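Asks:
There are 2 protein chains.
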Amino acid sequence: MKTERPQVKQDRAVRTRRAILEAAAVVFEEHGYDAAKLSDIVNIAKVTKGALYFHFESKERLAQAVIDAQNDSQPQLPPQQYRAQDFVDIGMVFSHRLRHEVLIRASTRLTLEYGNRRLDRASPYEAWIDLHVAVLEEAQRRGELLPNVDPVVPSRLIVGAYAGLNTMSYTLGLDLDAQVAELYTHVMPNVVVPAVAIRLDTAPGRGARVLYGPRGAHECRHQCEGGVPPQEPAPQGVRASA
Amino acid sequence: MKTERPQVKQDRAVRTRRAILEAAAVVFEEHGYDAAKLSDIVNIAKVTKGALYFHFESKERLAQAVIDAQNDSQPQLPPQQYRAQDFVDIGMVFSHRLRHEVLIRASTRLTLEYGNRRLDRASPYEAWIDLHVAVLEEAQRRGELLPNVDPVVPSRLIVGAYAGLNTMSYTLGLDLDAQVAELYTHVMPNVVVPAVAIRLDTAPGRGARVLYGPRGAHECRHQCEGGVPPQEPAPQGVRASA
């Protein structure tokens, strides 16, 4: 019997945890928290129930890990001329990721559900608001904002509105990217000075452009097709155990 | 044995139906669709299970009636100088009603859930968007809109954003009215001409003002306190059967 090196064992545990998280995302996205079955999750992840419980104590902890995923692993973006553009890019990149990453979609879905009160649904909102406020405060220091703008106000507005546009787009089968683009196009002229407003890119496809450069849409098609997310490839048929 | 006149019988049936709907709202608001128990609903409504099934064939039909309630019974509002103000008032009055009417709160909650696919969650969005578009088209005919505004775009934006601000406010314990006021304050200057924009009332409390006049907040306190909605008094301890 071969003994494995600790590093190999650890890598495999990380892969297993990831496989479970991705499988949970598929099931939570499809059924929501209450109706999701752990047996479906272990089947999709191709792991044992024991492996699942090794990584996540309960369905609740697993759902919480899915919820928290939306604020982990923010992609590093190239610096922009205006902080206001960075502010816009947070949401435009997120709409790109929502399209391509099931984990992100499931995370927002669980955040938007009203069920199970013990799940912490406030933290994702707060984390997003804090992130937006920090960027907007920096924009303010650089003189990009209109007078008397309290950075908290547009930050809350964008985060809350975004969540609703996400739900509505899902329910009506609309393209979220286009809806989010309209949100920024309508809101930003009342947040930033005109000289900044006219230089912002708030058009659909901005997420792909900032991630992959001016040929974003083309590069995205190249990299994203087949549902493989550009940031973190989904585990494909991983057979793993804890 | 006294025989009742048909009118008396019919009135009672209407009251029973309403009592069940209000009780269902309480339970759906608290637990969501999946976890809601019909036994709790009949207990609160003080009706028999038979009476419930007489009015609503199934839990699903009952939930659908709650969902549909948000678009029924739009309050009649006094005409305003600008159609753009009517556009704003749709949402400001709705945020007032959300505060005071459990049926409206439960309706939006069920609309925002992702669970049970057979419930029709698209219709409320579509009905709200259609209502907004109709008002904005009239505003456009009167020259109130900026050039090249497609009434569908701000209508979708407001309806979707509103839904998210509602969920976020609920989750974070924020005052929805203040969030919605910021939505209109930020969006309307990019929809209507400046001469209309500066005359719009988009401040918090607008819902109460348009319903009760300039002393809206005071009148609201007078009429709304104790959780009794201003438009349709909740049945209080109605003992009714089908």
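In order, the protein sequences belong to chains B and G. Here the numbering used here is used: the first residue of the first sequence is 1, the next is one more, and so on. Here the numbering used here is used: the first residue of the second sequence is 1001, the next is one more, and so on. The beta-carbon is built from N, C-alpha and C at its ideal position, and this holds for glycine as well. Small disclaimer: the values here were computed from a predicted structure and weren't measured.
Give the secondary structure of B/Val191 by DSSP, where H, G and I count as helix, E and B as strand, and everything else as coil.
Replies: For the purposes of this step, residue 191 of chain B is identified with residue 191 of the first sequence, where counting begins at 1. Coil at B/Val191, not helix or strand.
Asks: Determine which residues share a DSSP beta bridge with G/Leu1145 and list them.
Replies: Residue mapping note: residue 1145 of chain G aligns to position 145 of the second sequence, counting from 1. DSSP lists G/Val1192 as partners of G/Leu1145.
Asks: By how many angstroms is the C-alpha of B/Phe94 removed from the C-alpha of G/Pro1194?
Replies: Against the second sequence, residue 1194 of chain G aligns to sequence position 194. Against the first sequence, residue 94 of chain B aligns to sequence position 94. Straight-line Cα distance between these residues: approximately 33 Å.
Asks: Quick one: residues in its chain with C-beta nearer than 6 Å to the C-beta of G/Arg1206, no 5 flanking neighbours on either side, listed in chain order?
Replies: Within the second sequence, the letter at position 206 stands for residue 1206 of chain G. Once the five neighbours on either side are set aside, the close Cβ partners of G/Arg1206 are Met1092.
Asks: G/Gly1164 versus chain B: which residues are under 9 Å apart at the beta carbon?
Replies: Here residue 1164 of chain G corresponds to residue number 164 of the second sequence, with the count starting at 1. Simply Leu112, Val159, Gly160, Ala161, Tyr162, Ala163, Gly164, Leu165, Asn166, Thr167 and Met168.
Asks: Taking the C-alpha atoms as reference points, what is the distance between B/Arg105 and B/Val47?
Replies: Position 105 of the first sequence, counting from 1, holds the residue named residue 105 of chain B. Position 47 of the first sequence, counting from 1, holds the residue named residue 47 of chain B. In a straight line, the C-alpha of B/Arg105 is about 22 Å away from that of B/Val47.
Asks: Return the CA-CA distance between B/Ala69 and B/Leu103, expressed in angstroms with no decimal places.
Replies: Stepping through the first sequence from its first residue, residue 69 of chain B is reached at position 69. Stepping through the first sequence from its first residue, residue 103 of chain B is reached at position 103. The straight-line gap from Cα to Cα measures roughly 7 Å.
Asks: Which same chain residues, not among the five before or five after B/Ser155, have their C-beta less than 7 Å away from its C-beta?
Replies: Start at 1 with the first residue of the first sequence, and residue 155 of chain B comes out as number 155. The answer, listed in chain order, is Ile129, His132, Val133 and Leu136.
Asks: Helix, strand or coil: which one does DSSP assign to G/Gln1179?
Replies: The residue labelled residue 1179 of chain G in the question sits at position 179 within the second sequence. G/Gln1179 falls in the helix class under three-state DSSP.
Asks: Between G/Val1088 and G/Leu1021, is the Cβ-Cβ spacing less than 9 Å?
Replies: As a first step, residue 1088 of chain G is located in the second sequence; it is residue number 88 there, counting from the start. As a first step, residue 1021 of chain G is located in the second sequence; it is residue number 21 there, counting from the start. Their beta carbons are not under 9 Å apart, which means G/Val1088 does not touch G/Leu1021 by this criterion.
Asks: So G/Asp1034 contacts chain B; which residues on that side make the cut at Cβ distance below 8 Å?
Replies: In the second sequence, counting from the first residue as 1, residue 1034 of chain G sits at position 34. What G/Asp1034 touches in chain B: Gly32, Asp34, Ala35 and Gly115.
Asks: Could you pull out every residue in the same chain whose Cβ sits closer than 6 Å to the Cβ of B/Arg239, ignoring the five residues on either side in sequence?
Replies: Looking up residue 239 of chain B in the first sequence gives position 239. Reliability fails at B/Arg239, whose pLDDT of 34 lies under 50, so the model's placement of it is uncertain and the value that follows must be treated cautiously. Taken in chain order, the residues that qualify are Lys46.
Asks: What are the residues of the region 1046-1067 of chain G that lie near chain B, defined by any Cβ-Cβ distance shorter than 9 Å?
Replies: Within the region 1046-1067 of chain G, no residue has a Cβ that lies closer than 9 Å to any Cβ of chain B.
Asks: Give the DSSP-derived three-state secondary structure of G/Asp1068 in the structure shown.
Replies: Looking up residue 1068 of chain G in the second sequence gives position 68. In this structure, G/Asp1068 counts as helix in the three-state DSSP scheme.
Asks: Can the beta-carbon of G/Ile1211 be found closer than 9 Å to that of B/Ala161?
Replies: One-based indexing of the second sequence puts residue 1211 of chain G at position 211. One-based indexing of the first sequence puts residue 161 of chain B at position 161. Residue identity differs from the one stated: residue 1211 of chain G is Leu in this sequence, not Ile. No. Outside cutoff.
Asks: Would you call the region 1031-1044 of chain G and the region 1004-1011 of chain G in contact, with 3 or more CB pairs under 8 Å?
Replies: Cβ pair count under 8 Å is below three, so no.
Asks: Using a Cβ distance threshold of 8 Å, determine whether the region 137-155 of chain B contacts the region 1141-1154 of chain G, with at least three qualifying pairs required.
Replies: At 8 Å Cβ cutoff, the stretches do not touch.
Asks: For B/Ala23, is the classification buried or exposed, using 16 other Cβ atoms within 10 angstroms of its Cβ as the cut-off for buried?
Replies: Translated into the one-based positions of the first sequence, residue 23 of chain B becomes position 23. The residue is buried, with at least 16 neighbouring Cβ atoms inside 10 Å.
Asks: Just reading off the alpha helix (DSSP H) that G/Ala1084 is part of, what are its end residues?
Replies: Residue 1084 of chain G sits at position 84 when you count from the first residue of the second sequence. From DSSP, the alpha helix (DSSP H) with G/Ala1084 extends over Arg1083 to His1100.
Asks: Below 8 Å on the Cβ atoms is my contact criterion, and I expect G/Ala1163 with B/Thr167 to pass it. Report the Cβ-Cβ distance as a whole number of Å.
Replies: One-based indexing of the second sequence puts residue 1163 of chain G at position 163. One-based indexing of the first sequence puts residue 167 of chain B at position 167. Correct: roughly 6 Å between the Cβ atoms.
Asks: Taking G/Thr1016 as the reference, which of G/Leu1200, G/Gln1081, G/Asn1043 and G/Glu1029 has the closest Cα?
Replies: Residue 1016 of chain G sits at position 16 when you count from the first residue of the second sequence. Cα-wise, what sits closest to G/Thr1016 is G/Asn1043.
Asks: If contact means a Cβ-Cβ distance below 7 Å, which residues of the region 1186-1197 of chain G contact chain B?
Replies: Residues His1186, Val1187, Pro1189 and Asn1190.
Asks: Tell me the rounded alpha-carbon separation between G/Lys1059 and G/Ser1039.
Replies: Indexing the second sequence from 1 puts residue 1059 of chain G at position 59. Indexing the second sequence from 1 puts residue 1039 of chain G at position 39. Rounded to whole angstroms, G/Lys1059 to G/Ser1039 spans 11 Å at the Cα level.
Asks: Along the region 1075-1100 of chain G, where does the CB come closer than 9 Å to a CB of chain B? Name the residues.
Replies: Within the region 1075-1100 of chain G, no residue qualifies.
Asks: When we look at the beta-carbon of B/Asp72 and count the other beta-carbons within 10 Å, is it buried (16 or more) or exposed?
Replies: Taking the first residue of the first sequence as position 1, residue 72 of chain B is located at position 72. B/Asp72 should be labelled exposed.
Asks: In chain order, what residues of the same chain lie with their CB nearer than 8 Å to the CB of G/Leu1165, ignoring the 5 residues before and after it?
Replies: Working through the second sequence from its first residue, we reach residue 1165 of chain G at position 165. For G/Leu1165, where only same-chain residues beyond five positions count, the Cβ hits under 8 Å are Leu1176, Gln1179, Val1180 and Leu1183.
Asks: Starting from B/Phe56, follow the alpha helix (DSSP H) in both directions and report where the run begins and ends.
Replies: Walking along the first sequence from the start, residue 56 of chain B turns up at place 56. No alpha helix (DSSP H) contains B/Phe56, which DSSP labels as neither H nor E.
Asks: I need the boundaries of the alpha helix (DSSP H) containing G/Gln1007, first residue and last residue.
Replies: For the purposes of this step, residue 1007 of chain G is taken as the residue at position 7 of the second sequence. Counting along the chain, the alpha helix (DSSP H) containing G/Gln1007 begins and ends at Pro1006 to Ala1035.
Asks: For G/Val1187 and G/Tyr1170, I'd like the C-alpha separation in whole angstroms.
Replies: Taking the first residue of the second sequence as 1, we reach residue 1187 of chain G at position 187. Taking the first residue of the second sequence as 1, we reach residue 1170 of chain G at position 170. Approximately 22 Å, taken between the alpha carbons.
Asks: Strictly below 7 Å CB to CB, what residues from chain B border G/Arg1156?
Replies: Here the question's residue 1156 of chain G lines up with position 156 in the second sequence. In chain order: Gln179.
Asks: Could you please give the first and the last residue of the uninterrupted alpha helix (DSSP H) stretch that includes G/Val1214?
Replies: On the second sequence, residue 1214 of chain G is found 214 positions in, with the first residue counted as 1. Inspection of the sequence shows that residue 1214 of chain G is occupied by Pro rather than by Val. That residue, G/Pro1214, is in no alpha helix (DSSP H); it is neither H nor E in DSSP.
Asks: For G/Ala1063 and G/Leu1112, which I take to be in contact (beta-carbon distance under 8 Å), what is that distance rounded to the nearest angstrom?
Replies: Working through the second sequence from its first residue, we reach residue 1063 of chain G at position 63. Working through the second sequence from its first residue, we reach residue 1112 of chain G at position 112. Incorrect: roughly 13 Å between the Cβ atoms, too far for contact.
Asks: For B/Pro257, does the three-state DSSP call read helix, strand or coil?
Replies: As displayed, chain B neither begins before 1 nor continues past 242, which places residue 257 of chain B out of reach and without an answer.
Asks: Straight-line CA distance for B/Tyr125 to B/Val159?
Replies: Residue numbering aside, residue 125 of chain B sits at position 125 when the first sequence is read from its first letter. Residue numbering aside, residue 159 of chain B sits at position 159 when the first sequence is read from its first letter. Cα to Cα, the separation comes out at about 7 Å.
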